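See structure below.
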Amino acid sequence: MELELKLIKKKDLNYIMRQLDEIDDYLGKVNYWYHKSAENDNKLALYKLGEYHELGKGICKNVMRAIEFYEKSANQGFIDAYYKLGYFYSNGIQYDVNKEKAFDLYKIAAEGGNVEAQRKLAILYLDGEGTEENIELAKYWYNVAK
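Using numbering that gives the first Met the number 0, the letters of the sequence shown map in sequence onto residues 0 to 145.
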């Protein structure tokens, strides 16, 4: 019985390892095509490359490179990229903490429909962080984000 369990576990591990290899291959292909699309200033591809670099998905983690891609994506008008950049400014990741700049970036994302940015904006207005405290605008953005 114990030998059978060991064999089953070994077989399961081999299966899992094969699946992980397939995921690595898939991520490599996706990364390649995102880079090709980014060469043509595709805003979604630029954003996704930012995510891949930020999280180390299929490539080495590199936050500075992630920020470069997020900035390019934002310059192409991709709303979620503004949220990410606001997060970096708000938390002092690769930038000096700049609450006002973070607020401005969150506001662009919120006005563009990013729900996370809308929630964040409600909190910033409530706390007066990066802007003047404004309970009415805090309520407004809270309701928009619902």
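Glycine included, each C-beta is placed from N, C-alpha and C at the ideal position. Note that this is a predicted model, so its numbers are computed, not measured.
- Which value, in whole angstroms, describes the spacing of the CA atoms of Leu146 and Tyr124? The question about residue 146 has no answer here: the residues shown for the chain are numbered 0 through 145.
- Item | Backbone CA spacing between Ile122 and Leu54 [nearest angstrom] | 26 Å
- Query: Cα separation between Leu26 and Lys47?
  - Reply: 12 Å
- Task: Would you give the residue range spanned by the alpha helix (DSSP H) that Tyr46 belongs to?
- Result: Lys42 to Leu54
- Message: Output needed for Ser72: all residues of its chain with C-beta closer than 7 Å, excluding positions within five of it in sequence on either side, in chain order.
- Response: Lys42, Leu45, Tyr46, Gly49 and Ala80
- Item | Gly85 to Leu120 span [Cα, whole Å] | 11 Å
- For Gln93, which of helix, strand or coil comes out of DSSP? coil
- Query: By the 10 Å Cβ neighbour count, where 16 or more other Cβ atoms means buried, how is Asn39 classified, buried or exposed?
  - Reply: exposed
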